[in-house]
Amino acid sequence: MDWDSLYCPNPCCHYYGITFKRSWLVRNGSSRGQKQALCGACGSSVALRYGTAYFALDADSSIFELAFRALAEGNSIRGTARIVEIDPETCRDWLERYAHHCRLVMLYLWRELHLEECQLDELWSFVHTKEANLAAAKRICQTYGDAWVWIAFAPPWRMVIAFVVGKRTQENANLLQRARVACQ
Numbered sequence: 178m179d180w181d182s183l184y185c186p187n188p189c190c191h192y193y194g195i196t197f198k199r200s201w202l203v204r205n206g207s208s209r210g211q212k213q214a215l216c217g218a219c220g221s222s223v224a225l226r227y228g229t230a231y232f233a234l235d236a237d238s239s240i241f242e243l244a245f246r247a248l249a250e251g252n253s254i255r256g257t258a259r260i261v262e263i264d265p266e267t268c269r270d271w272l273e274r275y276a277h278h279c280r281l282v283m284l285y286l287w288r289e290l291h292l293e294e295c296q297l298d299e300l301w302s303f304v305h306t307k308e309a310n311l312a313a314a315k316r317i318c319q320t321y322g323d324a325w326v327w328i329a330f331a332p333p334w335r336m337v338i339a340f341v342v343g344k345r346t347q348e349n350a351n352l353l354q355r356a357r358v359a360c361q
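Using our numbering, read the sequence shown as starting at 178 and increasing by one per residue.
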């Protein structure tokens, strides 16, 4: 872990969010084998893994990394569990931990995303049966039949900024528009 990226996690601290070199953080030994720092301003203790997927992990980090790499390569949950010799439920929990942390990182990186061009498009498909062939009872259900994928796309990065799956209604178009504006 890079000490220079560490900061006081206490929002009430005057040095909250200010990195190690400019704050009052000092090295403070370790707790259960995990290195820590201490904020001289507010007295908060900070684990070096705070804000990472490793924070409060009760397993060896090398096994955790190996499982992550196996899942990223497309191995199944059961296959990954066999490779790293863990329970499939633990593997599912770790996958959820990875996904949560990846989402937080992406949201952080997208905060300052500057879009000069954004294209909106839609794609038609159907679920179960085409709308014309649906029985009246299934039409009421609203989950079968025609389905539209509304997409906001940033061509310079070839990145999908937002998408909405649903019927072809003004409400869904507005939902995509709000999601696109939120990204800018």
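Glycine residues also receive a C-beta, built at the ideal position from the N, C-alpha and C atoms.
CB contact flag (residue i, residue j, <7 Å)
i: V304; j: A276; result: no
i: V342; j: V326; result: yes
i: S221; j: Q213; result: no
i: L202; j: C216; result: yes
Between the CA atoms of residue j and residue i - distance to the nearest angstrom
i: D237; j: Q296; result: 45 Å
i: H136; j: F340; result: Because residue 136 is not part of the residues shown, which for the chain are 178 to 361, the question remains open.
i: L225; j: R269; result: 25 Å
i: C189; j: H278; result: 24 Å
i: A258; j: T229; result: 22 Å
i: W271; j: R246; result: 12 Å
i: T267; j: V261; result: 11 Å
For residue i: DSSP bridge partner residues
i: C185; result: Y193
i: S207; result: K212
i: Q296; result: F330
i: L202; result: C216
Buried or exposed (CB count within 10 angstroms, at least 16 for buried), residue i
i: Y285; result: exposed
i: F241; result: buried
i: A233; result: exposed
i: A331; result: buried
i: A329; result: buried
i: A244; result: buried
Which of helix, strand or coil DSSP assigns to residue i
i: A249; result: helix
i: A276; result: helix
i: S239; result: helix
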